[in-house]
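Numbering of the sequence shown is given in my numbering, commencing with residue 2 and proceeding in unit increments.
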Amino acid sequence: MALLPILTAPDPRLKKKSLPVETVDADVRQLMDDMLETMYDAPGIGLAAPQVGALKRVIVLDIDREETKTGPLFMANPEIVEASDDDVIYEEGCLSVPDHYSDVARPENVRVRYLDRDGKQQELACEGLLATCVQHEIDHLDGVLFIDHISSLKRNMILRKLLKARKEKERDEAEGKPSAKDQAKDPEHAL
Ligand code: GNR
Ligand code: NI
2 MALLPILTAP DPRLKKKSLP VETVDADVRQ LMDDMLETMY DAPGIGLAAP QVGALKRVIV
62 LDIDREETKT GPLFMANPEI VEASDDDVIY EEGCLSVPDH YSDVARPENV RVRYLDRDGK
122 QQELACEGLL ATCVQHEIDH LDGVLFIDHI SSLKRNMILR KLLKARKEKE RDEAEGKPSA
182 KDQAKDPEHA L
């Protein structure tokens, strides 16, 4: 198992369409396991392969809610085969759009068909946060981020702030300052 670096917007790899997996082989399973570890570490409730620079149609999810305790889900080539007419609005975030959140409307319930970690075809009826998250992850496989669902004014403001934050982080690192994330993990800097 390994932690993989998560790409952040703007990055051309996050805008690309990912390719279907031919077979769920040992390499794909390794990618799934590394993605799950990376997602738990972040922490997040879903992760798509392009977010770690692998342009393959692979996603992992784990929604830890009373209503939807699914345990970890591994999906290759996920497809929405049915969607409800009714939409629901959730405030979404994304590990590739750190520190920004926006309301996004999506179908409330979806049925997803995919290959599981053993390469077996499965279908899963998704509702609540799981339905939102699986659609957010499949969007990543098509080069779409949640900010592509909001106004261009708000999207451009977020992208501008992300670029500024990246430049400040690069400058701090060049000066040898530790990242905020490393500082948070350092017991010297704990409360
Ligand atoms: O951790 C995540 N939380 C989340 C909250 C609301 C809607 C979607 C998500 S997915 C996100 C992790 C992520 O970026 N997955 O691609
Ligand atoms: Ni995301």
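Just so it is clear, CB atoms sit at the ideal spot from N, CA and C, and this is done for glycine as well.
(message) Contact between the region 31 to 40 and the region 121 to 129 is defined here as three or more beta-carbon pairs at a separation below 8 Å; is this criterion met?
(response) With a cut-off of 8 Å, the region 121 to 129 and the region 31 to 40 do not count as touching, because too few Cβ pairs lie within range.
(message) At a cut-off of 7 Å, would you count residue 101 as near the ligand SAM, judging by its Cβ distance to the nearest heavy atom?
(response) For the structure depicted, the ligand SAM is absent and the ligand set comprises only the ligand GNR and the ligand NI.
(request) Note down, one range per segment and in chain order, each beta strand (DSSP E) of at least 3 residues found wholly within the region 100 to 154. (result) Complete beta strand (DSSP E) runs here, min 3: 103 to 108, 111 to 116, 122 to 127.
(message) For a quick check, are the C-beta atoms of residue 53 and residue 33 less than 8 Å apart?
(response) Cβ distance not < 8 Å, so residue 53 and residue 33 don't count as in contact.
(request) Grab me the residues of residue 120's own chain with a C-beta within less than 7 Å of its C-beta, minus the 5 sequence neighbours each way, in chain order. (result) Within the same chain, residue 120 has close Cβ partners 24, 25.
(request) With residue 82 as the anchor, note down where its alpha helix (DSSP H) starts and where it stops. (result) Boundaries for residue 82: no alpha helix (DSSP H) harbours it, while the beta strand (DSSP E) harbouring it runs 74 to 84, taken from the DSSP string.
(request) Leaving aside the five residues before and after residue 50 along the sequence, list all residues of the same chain whose C-beta is less than 6 Å from its C-beta, in chain order. (result) So the list reads 57, 59, once near-sequence residues are dropped.
(request) For my contact list, residue 73 and residue 61 are in at a C-beta cut-off of 8 Å; report their separation, rounded to the angstrom. (result) Contact holds; Cβ gap of about 7 Å.
(request) Would you decide whether residue 42 is buried or exposed? Buried here means 16 or more other CB atoms lie within 10 Å of its CB. (result) Residue 42 should be labelled exposed.
(request) Identify which residue in 47, 164, 13 has its Cα closest to the Cα of residue 131. (result) Distance from the Cα of residue 131 is smallest, within the candidate group 47, 164, 13, for 47.
(request) Starting from residue 49, trace the alpha helix (DSSP H) both ways and give me its first and last residue. (result) Unbroken run through residue 49 is the beta strand (DSSP E), 47 to 49; no alpha helix (DSSP H).
(message) Between residue 96 and the ligand NI, is there a pair consisting of the residue's CB and a ligand heavy atom that are separated by less than 7 Å?
(response) With a threshold of 7 Å, the Cβ atom of residue 96 counts as near the ligand NI, since some heavy atom of the ligand is closer than that.
(message) If you follow the alpha helix (DSSP H) that residue 38 is in, where does it begin and where does it stop?
(response) Taken as a continuous stretch (DSSP letters only), the alpha helix (DSSP H) holding residue 38 covers 27 to 42.
(message) Quick test of your reading: residue 89 and residue 148, contact by CB under 8 Å. State the CB separation rounded to the nearest angstrom.
(response) That belief does not hold up - the Cβ atoms of residue 89 and residue 148 are roughly 19 Å apart, past 8 Å.
(request) Please look up how many angstroms separate the CB atoms of residue 77 and residue 115, rounded, as I've assumed it's under 8 Å. (result) Correct: roughly 6 Å between the Cβ atoms.
(message) By alpha-carbon positions, which one of 153, 152, 145 ends up nearest to residue 12?
(response) When each option's Cα is compared against that of residue 12, the closest is 145.
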